[in-house]
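Colleague: My numbering runs 1 ahead of the 1-based position in the sequence shown. For glycine and all other residues, C-beta sits at the position ideal for the given N, C-alpha and C. The model shown is predicted, which means the values in this text are computed figures rather than measured ones.
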Amino acid sequence: MSIKSLKARKDDLSSPANQLEFLRNGIFKEGELPLFKDKIAQTGNFPLKPKKLEILQINLGYMCNQVCSHCHVDAGPDRKEIMTIETMKQCLEVVKNTGAHTLDLTGGAPEMNPNFRWFVEEASKAGIKDFIVRSNLTIILANKKYHDLPEFFKKHNVHVVSSLPFYKRERTDKQRGNGVFDKSIKALQMLNAVGYAQEGTGLKLDLVYNPAGAFLPTNQQAMQSDFKKALKEDFNIDFDSLFAITNLPISRFLEYLIASDNYEDYMYALVDAYNPAAVENVMCTNTISISWDGWLYDCDFNQMLDLKVNSKVKHISEYNEDVLNDRNIIISQHCYGCTAGAGSSCQGSVA
2 MSIKSLKARK DDLSSPANQL EFLRNGIFKE GELPLFKDKI AQTGNFPLKP
52 KKLEILQINL GYMCNQVCSH CHVDAGPDRK EIMTIETMKQ CLEVVKNTGA
102 HTLDLTGGAP EMNPNFRWFV EEASKAGIKD FIVRSNLTII LANKKYHDLP
152 EFFKKHNVHV VSSLPFYKRE RTDKQRGNGV FDKSIKALQM LNAVGYAQEG
202 TGLKLDLVYN PAGAFLPTNQ QAMQSDFKKA LKEDFNIDFD SLFAITNLPI
252 SRFLEYLIAS DNYEDYMYAL VDAYNPAAVE NVMCTNTISI SWDGWLYDCD
302 FNQMLDLKVN SKVKHISEYN EDVLNDRNII ISQHCYGCTA GAGSSCQGSV
352 A
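Put into structure tokens, the structure is as follows:
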């Protein structure tokens, strides 16, 4: 398992342009597989247009205490990109005036931003109905200054969405690093102890599952049942829902696919599993993604490919919801990952 990001290794795939070039060529350029835009055109979904904005997803920085093999953000301890308090203040102005009902804070590990708590405190006053923080769990145990995060989350009624690749140690540690599973279990127990996923508290705790290899997730509801049974029996852990998210062929997962000679087979699997019904509810239709430096994207994945919104408004400093709602959504072949099978978004299956 790599201990450095693609960027730190100066890998060719650390360049979003190189990733996009790879996705445009090969089996797609040769016509073996249809381009995503041609596929959705067959069902009348091209160009893809936004619907009512519901979610503002804000990336507070790419710094992370982990270096996971599948990470589409290419996050890690060596990534120094961090949202400044000035950009946070611009985001807060938008949060106060947007029609969106959900604020979704992500990273890296968003908790590693030095102004994370200030931002949560200020944003929690803005009347957002669902206030999400995406935590890798191990950050809670990474340093004493993070040990009180469960209490902090509880105080601000934060909806915690936590990454847990599997309910067994071997598969989780293979994807995320040795010792990650045990720390994740301890962190989940700490969240349960302050009331998360406990009846009557209103404190929501959801888990996120990513496949460990070059395959698609199975039925989300069936996996949720398996996770709930195993975690309760083995560790007395409760959680609310499981989100099954398909790994998109970008960044470190793309590196893995190429290195393991699975890229073509995986793309065939995604295209074969294409579900027109999933296109209607893909995350880019109801979400705006904001990068650590304030640029606007259709989704978190487009952010990592540096595909800024197709709009006159491209930065948080000039945010205009009406103008943004009139744009066409930018797509490429990685979008097959969101429309395969039951579909995939940051909120799990969509169809």
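Would you call the CB atoms of S252 and V74 closer than 8 Å?
Modeller: Residue numbering aside, residue 252 sits at position 251 when the sequence shown is read from its first letter. Residue numbering aside, residue 74 sits at position 73 when the sequence shown is read from its first letter. The answer is yes: Cβ separation under 8 Å.
Colleague: Name the DSSP beta bridge partners of V134, please?
Modeller: Position 133 of the sequence shown, counted from the first residue, corresponds to residue 134. In DSSP, V134 forms a bridge with L106 and V161.
Colleague: Hey, is the stretch 114 to 123 in contact with the stretch 77 to 88, meaning 3+ C-beta pairs nearer than 8 Å?
Modeller: Output reads yes: the stretch 77 to 88 touches the stretch 114 to 123.
Colleague: Quick one: is D39 buried, meaning 16 or more other Cβ sit within 10 Å of its Cβ, or exposed?
Modeller: Indexing the sequence shown from 1 puts residue 39 at position 38. By the neighbour-count rule (16 or more Cβ atoms within 10 Å), D39 is not buried but exposed.
Colleague: So, is A198 buried or exposed, given that buried needs 16 or more other C-beta atoms within 10 angstroms?
Modeller: By one-based count along the sequence shown, residue 198 stands at place 197. Counting Cβ neighbours within 10 Å, A198 comes out buried, since at least 16 surround it.
Colleague: Residues in its own chain within less than 8 Å of S226 by CB, not counting five upstream and five downstream?
Modeller: Taking the first residue of the sequence shown as position 1, residue 226 is located at position 225. Same-chain partners within the cutoff: there are none.
Colleague: Under three-state DSSP, which class holds G342?
Modeller: Working through the sequence shown from its first residue, we reach residue 342 at position 341. G342 falls in the coil class under three-state DSSP.
Colleague: Report buried or exposed for M2, applying the criterion of at least 16 other Cβ atoms within 10 angstroms of its Cβ.
Modeller: By one-based count along the sequence shown, residue 2 stands at place 1. With a pLDDT of 49 at M2, under the threshold of 50, the predicted position of this residue should be treated as unreliable, though the coordinate-derived value follows. The residue in question, M2, is exposed, as its Cβ has fewer than 16 Cβ neighbours within 10 Å.
Colleague: If we call anything under 8 Å between Cβ atoms a contact, is Y320 one with V95?
Modeller: Indexing the sequence shown from 1 puts residue 320 at position 319. Indexing the sequence shown from 1 puts residue 95 at position 94. A contact, by the Cβ cut-off of 8 Å.
Colleague: Quick check: T99 and L57, are their CB atoms within less than 8 Å of each other?
Modeller: As a working note, residue 99 is residue 98 in the sequence shown. As a working note, residue 57 is residue 56 in the sequence shown. It is a contact, given that the beta carbons lie within the stated cut-off.
Colleague: Return helix, strand or coil for Y168, following the three-state DSSP convention.
Modeller: By one-based count along the sequence shown, residue 168 stands at place 167. Coil.
Colleague: May I ask you to verify whether the stretch 225 to 245 touches the stretch 200 to 216, counting CB pairs closer than 8 Å and requiring at least 3?
Modeller: Yes: the two stretches touch, three or more of their Cβ pairs being nearer than 8 Å.
Colleague: From S350 to A274, what does the alpha carbon distance come to, in whole angstroms?
Modeller: Sequence index remark: in the sequence shown, residue 350 carries index 349 (1-based). Sequence index remark: in the sequence shown, residue 274 carries index 273 (1-based). Going from the Cα of S350 to the Cα of A274 covers about 14 Å.
Colleague: Which runs of the alpha helix (DSSP H) fall wholly inside the stretch 43 to 89 and span at least 4 residues, in chain order?
Modeller: Runs found: none.
Colleague: Can you give me the start and stop residues for the beta strand (DSSP E) that D183 sits inside?
Modeller: By one-based count along the sequence shown, residue 183 stands at place 182. Looking at the DSSP string, D183 is not in any beta strand (DSSP E); the run it does join, the alpha helix (DSSP H), is V181 to A194.
Colleague: Cβ of L150 within 8 Å of Cβ of K184?
Modeller: Start at 1 with the first residue of the sequence shown, and residue 150 comes out as number 149. Start at 1 with the first residue of the sequence shown, and residue 184 comes out as number 183. In this structure, K184 does not lie closer than 8 Å to L150 by Cβ.
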